[in-house]
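Heads up: the structure comes next, in structure tokens.
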Amino acid sequence: MQAAWLENNTLRHRADIPVPAPSAGEALVKVRLAGICGTDLELVKGYYPFTGIPGHEFVGEIVAAPERPDRIGERVVGEINIVCGSCRACRAGRPTHCARRTVLGIKGRDGALAEYLCLPLKNLTKVADTVSDEAAVFVEPLAAALRIQEQIRINSTDRVLVLGAGRLGQLVARILALNGCELQTAAKYAKQRNLLEKQQISWIDKKAVPEAFFDIVVEATGTVAGFDAARRAVRPGGTIVLKSTYKDALQLNPSALVVDEIRLVGSRCGPFAPALRLLQNGSVDPQDLVEARYPLKDLLQAFAHAEQPGALKVLLQNG
Numbered sequence: 038m039q040a041a042w043l044e045n046n047t048l049r050h051r052a053d054i055p056v057p058a059p060s061a062g063e064a065l066v067k068v069r070l071a072g073i074c075g076t077d078l079e080l081v082k083g084y085y086p087f088t089g090i091p092g093h094e095f096v097g098e099i100v101a102a103p104e105r106p107d108r109i110g111e112r113v114v115g116e117i118n119i120v121c122g123s124c125r126a127c128r129a130g131r132p133t134h135c136a137r138r139t140v141l142g143i144k145g146r147d148g149a150l151a152e153y154l155c156l157p158l159k160n161l162t163k164v165a166d167t168v169s170d171e172a173a174v175f176v177e178p179l180a181a182a183l184r185i186q187e188q189i190r191i192n193s194t195d196r197v198l199v200l201g202a203g204r205l206g207q208l209v210a211r212i213l214a215l216n217g218c219e220l221q222t223a224a225k226y227a228k229q230r231n232l233l234e235k236q237q238i239s240w241i242d243k244k245a246v247p248e249a250f251f252d253i254v255v256e257a258t259g260t261v262a263g264f265d266a267a268r269r270a271v272r273p274g275g276t277i278v279l280k281s282t283y284k285d286a287l288q289l290n291p292s293a294l295v296v297d298e299i300r301l302v303g304s305r306c307g308p309f310a311p312a313l314r315l316l317q318n319g320s321v322d323p324q325d326l327v328e329a330r331y332p333l334k335d336l337l338q339a340f341a342h343a344e345q346p347g348a349l350k351v352l353l354q355n356g
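When we follow the numbering used here, the leftmost residue of the sequence shown carries the number 38, and every step to the right adds one.
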């Protein structure tokens, strides 16, 4: 089959990879659309030592399921953490922190930038007929945006800043806008600002962000500089939510965090079911974030496009 292949920080197209065979409890999924995420771009730079097929945002069709043939033909999205179910974290209800987990296209398991992938049946959720492929491919990052409100309480009176209006920042802003808080999004590029305006979400120039003003700052820039900007923007006693993943290390002053009593919250994977409900009922429609589609064979051009400053969602499609 065709697939992206990442090895020694080099990405290439391959057409000689065997179609994977589902293990016990798994299904074979034919990928229809896959999205390029900021984490995929950082993997190429060496964010995490991964060799194999990257990619974790997808919508596809179950084409083989030895233990559940009744599910063949389902159009599905898939939760990316494959967990053991028996370690301390799993037993405590924290499966995304399973000590023995693999992660689709990131850690120990080939991912979605391919014609086919395998996932456990329990990870696969059927997509309603009313939700298009172009919307369904956003379920994983939309769930990641929803994770924030599982971790912290956001009141209607809270002043909230989303730093970064790119692929993930746009989704975070749309989710937080449903909450009714006092929301602003720092946006650098005109196309980002236009999208926010269409959603009636206030934006602010990054250079005009007030210091020590916001109760909550969501850092979604994907850059080290984003943390410094978040630290300047959050008020004493406030909260910084970290959504960025990148290779470079942060430099911070822990004493200042202690004195100002700043709460840091790392935020990663979120719930698929409510993300699908938001798409199905029309509360969120991310399709206007799709900037380009490429055939799988042109994945190098697709990655080059996704790396451009201000680029939004770039999709890869089979066929």
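Note that the Cβ used here is the ideal one computed from N, Cα and C, for glycine as well.
Indicate whether residue i and residue j have their beta-carbon atoms separated by less than 8 angstroms.
i	j	result
residue 138	residue 109	no
residue 257	residue 233	no
residue 406	residue 266	This structure cannot speak to residue 406, because the chain is shown only from 38 to 356.
residue 182	residue 208	yes
residue 323	residue 172	yes
residue 214	residue 238	yes
residue 68	residue 112	no
residue 94	residue 177	yes
residue 317	residue 96	no
residue 211	residue 321	yes
residue 50	residue 228	no
Per DSSP, residue i forms a beta bridge with which residues?
i	result
residue 145	140
residue 115	161
residue 349	Per DSSP, none; premise fails for residue 349.
residue 332	354
residue 298	According to DSSP, which records beta bridges pairwise, residue 298 is partnered with nothing at all.
residue 277	254, 301
In chain order, what residues of the same chain lie with their CB nearer than 7 angstroms to the CB of residue i, ignoring the 5 residues before and after it?
i	result
residue 92	41, 71, 77, 142, 148, 149, 150
residue 303	279
residue 83	46, 284
residue 116	160, 309
Using a Cβ-Cβ cutoff of less than 6 angstroms, which residues in the same chain neighbour residue i once the five nearest sequence positions on both sides are dropped?
i	result
residue 270	198, 246, 251, 254
residue 135	120, 121, 124, 126, 127
residue 329	342, 351
residue 226	347
residue 305	none
residue 191	216, 218
Rank the options by C-alpha distance to the C-alpha of residue i and give the top, closest one.
i	options	result
residue 325	162, 45, 163, 174	174
residue 145	156, 66, 347, 89	89
residue 283	61, 332, 264, 100	264
residue 74	281, 318, 240, 210	281
residue 308	106, 160, 39	160
residue 193	176, 210, 217, 184	217
residue 54	80, 327, 228, 154	154
residue 272	196, 79, 97	196
residue 56	152, 321, 104, 103	152
residue 185	236, 345, 277	277
residue 140	80, 99, 129, 130	80
residue 293	313, 314, 86, 249	249
Near residue i, which residues of its chain fall below 8 angstroms by C-beta distance, leaving aside the five closest residues on each side in sequence?
i	result
residue 132	118, 120, 122, 126, 138
residue 101	59, 64, 65, 109
residue 104	61, 62, 158
residue 298	273, 274
Check: Along the chain, which unbroken stretches of the alpha helix (DSSP H) at least 4 residues long are found entirely within the segment 180-226?
Finding: Correct list: 204-216.
Note to self: Quick check for students: name the residue ranges of the beta strand (DSSP E) that lie wholly in the segment 223-275, counting only runs of 3 or more.
What the structure shows: DSSP runs (the beta strand (DSSP E)) wholly in the segment 223-275: 251-256.
Item checked: Runs of beta strand (DSSP E) lying entirely within the segment 62-122, each at least 3 residues, in chain order -> Taking only runs of at least 3 residues, the beta strand (DSSP E) segments lying wholly in the segment 62-122 are 63-72, 94-101, 112-115.
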